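Chemist:
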Amino acid sequence: MRKERRKHLRLSLNFKVKLELPRRELVLEGHTLNLSFASAFIQLDHIPPVLPNEYISLTLMGQVEFTCRVIHSNIDGIGCQFDYIQIKYYELFKKMMLSNAPDPERLVKEIGRRAGIKE
């Protein structure tokens, strides 16, 4: 059995996204298959060739903007790690995650751990 390496709780959330691949001037639409505070897996109708560590822009639900780094891609979609988010978008993203989480308290604890807050 493979050991789970993820550090963040992943939620199976289906949010519309827009991906921009600036190096190719390409804009794609898709949706999230899963999402955490650190990353997302995006399903697209057409998966363009992307390179690991390539930077892309992601807009979630037309409201929250991230700069992301491609971690992997396959026939199902693109896995990306969040690299940058403005604080105004982070607060909205946090509300979206907490309001859709089956166990919001677990997410609150995760946020506290990442901020170095002791329980």
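Sequential numbering from 0 applies to the sequence shown in numbering that gives the first Met the number 0.
Note that the Cβ used here is the ideal one computed from N, Cα and C, for glycine as well.
Remember, predicted model here, so these are calculated numbers, not experimental data.
(1) Considering just the uninterrupted stretch of the beta strand (DSSP E) at GLU90, what are its terminal residues?
(2) In the structure shown, what three-state DSSP assignment does VAL49 receive?
(3) Please confirm if PRO51 has its CB atom under 8 angstroms from at least one CB of chain C.
(4) When the Cα atoms are used, what is the spatial distance from GLU19 to SER56?
(5) Relative to the alpha-carbon of TYR88, which residue among SER11, LYS17 and VAL63 has its alpha-carbon at the smallest distance?
(6) Tell me the residue span of the beta strand (DSSP E) that contains HIS7.
(7) With 16 as the cutoff for other CB atoms within 10 Å, does VAL26 come out buried or exposed?
(8) Where does the unbroken beta strand (DSSP E) through PHE36 begin, and where does it stop?
(9) How big is the Cα-Cα spacing for LYS94 and GLN85?
Modeler: A quick look at the data gives this:
(1) GLU90 -> not in any beta strand (DSSP E); alpha helix (DSSP H) instead, spanning 86–99.
(2) coil
(3) Any reference to chain C falls outside this structure, which holds one protein chain only.
(4) Whole-angstrom Cα-Cα distance: 5 angstroms.
(5) VAL63
(6) Note, HIS7: premise wrong, no beta strand (DSSP E); not H, not E.
(7) exposed
(8) No beta strand (DSSP E) contains PHE36, which DSSP labels as neither H nor E.
(9) 15 angstroms
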